[in-house]
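Peer 1:
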Amino acid sequence: MARTRWWVVTLLFLATVINYVDRQTLSVLAPVLRDEFHMTNTDYSRVVFAFLLAYMIMQSGSGRIMDRLGSRRGFTLTIAWWSAAAMLHATANSIFSFGVFRFLLGLGEAGNWPGGVKVVSEWFPPKERAFAVGIFNGGSTLGAVIAPPLVTWIALKWGWRQAFVLTGALGFVWMAAWFAFYRTPTKPPEWEIPVTTRIRWRDLFRFRQVWALLGARMFCDPVWWFYVFWLPEYLKRERHFSLAEIGYFAWIPFLTADAGCMIGGALSGMLIRAGWPVLRARKTVMAVAAALLLAGIPAVLAHSATAALALISLVTFAYSVWASNILTLPADLFPQHVVASVSGISGTGAALGGMIFTLLTGFVVDRFSYVPVFVAAGVMPLVAASFILSGVRKTATSPE
0 MARTRWWVVT LLFLATVINY VDRQTLSVLA PVLRDEFHMT NTDYSRVVFA
50 FLLAYMIMQS GSGRIMDRLG SRRGFTLTIA WWSAAAMLHA TANSIFSFGV
100 FRFLLGLGEA GNWPGGVKVV SEWFPPKERA FAVGIFNGGS TLGAVIAPPL
150 VTWIALKWGW RQAFVLTGAL GFVWMAAWFA FYRTPTKPPE WEIPVTTRIR
200 WRDLFRFRQV WALLGARMFC DPVWWFYVFW LPEYLKRERH FSLAEIGYFA
250 WIPFLTADAG CMIGGALSGM LIRAGWPVLR ARKTVMAVAA ALLLAGIPAV
300 LAHSATAALA LISLVTFAYS VWASNILTLP ADLFPQHVVA SVSGISGTGA
350 ALGGMIFTLL TGFVVDRFSY VPVFVAAGVM PLVAASFILS GVRKTATSPE
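Per numbering that gives the first Met the number 0, the sequence shown runs over residues 0 to 399.
1. Could you check the C-alpha separation between Val222 and Phe135 for me, to the nearest Å?
2. Under 8 Å: do the region 105–112 and the region 62–80 share three or more Cβ pairs, one atom per stretch?
3. Which whole-angstrom value describes the C-beta separation of Leu25 and His88, a residue pair presumed to lie in contact below a C-beta threshold of 8 Å?
4. With a threshold of 7 Å on Cβ separation, who are the neighbours of Trp177 within its own chain once the five nearest residues in sequence on each side are excluded?
5. Does DSSP classify Ser93 as helix, strand or coil?
6. Can you name the start and end residues of the alpha helix (DSSP H) that Phe180 belongs to?
7. Any idea what DSSP makes of Tyr369, helix, strand or coil?
8. Decide if Ser340 is buried, meaning its Cβ has at least 16 other Cβ atoms within 10 Å, or exposed.
9. Do Gly348 and Asp220 have their beta-carbon atoms positioned less than 9 Å apart in this structure?
10. Of the residues Ala288, Phe100 and Val277, which one's Cα is nearest the Cα of Gly263?
11. Does DSSP put Ala306 in a helix, in a strand, or in coil?
12. Among Ile56, Ile94 and Leu254, which one has its Cα closest to the Cα of His37?
13. Taking Thr166 as the reference, give the member of Arg279, Leu104 and Val7 with the closest Cα.
14. How far does the alpha helix (DSSP H) with Arg207 in it reach, from first residue to last?
15. Check each candidate in Ala265, Arg22, Leu213 and Leu52 and name the one with the smallest Cα separation from Ile145.
16. Indicate the three-state DSSP secondary structure (helix, strand or coil) for Thr183 in the structure shown.
17. Give me the residue from Lys156, Val119 and Trp5 with the minimum Cα distance to Thr327.
18. What residue ranges within the region 73–155 form continuous alpha helix (DSSP H) runs of no fewer than 4 residues, ordered along the chain?
19. Is it the case that the Cβ atoms of Trp173 and Ile17 are separated by a distance below 9 Å?
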């Protein structure tokens, strides 16, 4: 098991890379697609909203599916769905059709994180768990690093439609390796949280910890999605980058985010090995990360594009430090048979917050500027941290 689990987390990492390459393809191509299909900022925000609506709907649903089917079959189903949906974007011929295909993509991609957290809870003890989550979640940032140069190169060489086809096909390659290799552990690990009775899905909403996770992700995850979906647009419209320059530079904030995934997980693991209680270690690292996310405010006010990109890179680093730990908390707090469900419920809050923030972003940018959006993105993580500090105080063994 000790040898196999690192191969398992490597497969989770690769799945998450593909997840974000597929997700980012539209964002990278947005300047081209907006010109071709005459999209306003509001139109573009509605296309993104369609993805987030489906993502929200299926977060809780995919968590239940993973807990019922098991991670092996659940992952096979979810990645097959989202890969097919990603490839369908190549057939889009209107704003509406882009919205439909984004909706289908969101239905599939929602399963990656509840499933990943469930797998980690099955294979890793608490002291290594956040680092393992950081590794697989680091696939999101590496995917975001890879996407701008890869998608730009494909689009410039063969056209934007082929960019959707080629990136979408990657998931089917991964799916074959996963189904051939992965097997769920046959017996519960020694670190499994003991429970006197099995917790039913509907009873999860009676736990204070579930609401704290949902609220925290509702306020902090939209910050990440803002940079994922809007950074290429911001660099073009406000910093006057060309498509080629976006390919050259838009990956930098996601490289620092990748470092944050590893460092965030390693920091809380180091504190746990030093004798800190698990929840205290997680919360301390997350509070520091939330404070660093304020760097987005001076980023939008900077005169230099270089300074703005550097501060945005600090923001994405801090967010990933936060994410490595909050994504781990369902496994720290709940027994394995509901870990994916709790992760999915918290992801529902993340998607709901992302939907609202995305629509507001399009509205505000069309009528004002990016400044209020960056200010809000700097302050919201502090609200998220207050949910964690006040609502996550003990392991959930019975409803409060």
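We treat Cβ as the ideally placed atom computed from N, Cα and C, and that holds for glycine. Here the structure is a predicted model, which means the values were calculated and not measured.
Peer 2: So, from the data block:
1. Taking the sequence shown and counting its residues from 1, one reaches residue 222 at position 223. Taking the sequence shown and counting its residues from 1, one reaches residue 135 at position 136. Distance between the alpha carbons of Val222 and Phe135 is about 20 Å.
2. yes
3. By 1-based counting over the sequence shown, the position of residue 25 is 26. By 1-based counting over the sequence shown, the position of residue 88 is 89. Yes, they are in contact, since the Cβ atoms of Leu25 and His88 sit about 7 Å apart, within 8 Å.
4. Counting from 1 along the sequence shown, the entry for residue 177 is found at position 178. So the qualifying residues of the chain are Leu10, Phe74 and Thr75.
5. Sequence index remark: in the sequence shown, residue 93 carries index 94 (1-based). Ser93 falls in the coil class under three-state DSSP.
6. As a first step, residue 180 is located in the sequence shown; it is residue number 181 there, counting from the start. Trp159 to Phe180 is the extent of the alpha helix (DSSP H) around Phe180.
7. For the purposes of this step, residue 369 is taken as residue 370 along the sequence shown, with counting starting at 1. In this structure, Tyr369 counts as coil in the three-state DSSP scheme.
8. Start at 1 with the first residue of the sequence shown, and residue 340 comes out as number 341. By the 10 Å Cβ count, Ser340 comes out buried.
9. Walking along the sequence shown from the start, residue 220 turns up at place 221. Walking along the sequence shown from the start, residue 348 turns up at place 349. Result yes, Cβ atoms of Asp220 and Gly348 sit closer than 9 Å.
10. What you label residue 263 is simply residue 264 of the sequence shown in a count that begins at 1. If we check each option's Cα against that of Gly263, Ala288 comes out closest.
11. Here residue 306 corresponds to residue number 307 of the sequence shown, with the count starting at 1. The answer is helix: DSSP assigns Ala306 an H, G or I state.
12. Counting from 1 along the sequence shown, the entry for residue 37 is found at position 38. Nearest C-alpha to His37: Ile94.
13. Here residue 166 is taken as the residue at index 167 of the sequence shown, counted from 1. Among Arg279, Leu104 and Val7, the Cα nearest to that of Thr166 is on Leu104.
14. What you label residue 207 is simply residue 208 of the sequence shown in a count that begins at 1. Taken as a continuous stretch (DSSP letters only), the alpha helix (DSSP H) holding Arg207 covers Arg207 to Arg236.
15. Position 146 of the sequence shown holds residue 145. Closest option to Ile145, Cα to Cα, is Arg22.
16. Residue 183 sits at position 184 when you count from the first residue of the sequence shown. Looking at Thr183 - three-state DSSP - the assignment turns out to be coil, as it is neither helix nor strand.
17. Working through the sequence shown from its first residue, we reach residue 327 at position 328. Ranking the options by Cα distance to Thr327, first place goes to Val119.
18. 94–108 and 111–122
19. As a working note, residue 173 is residue 174 in the sequence shown. As a working note, residue 17 is residue 18 in the sequence shown. In contact: Trp173 and Ile17 (Cβ atoms closer than 9 Å).
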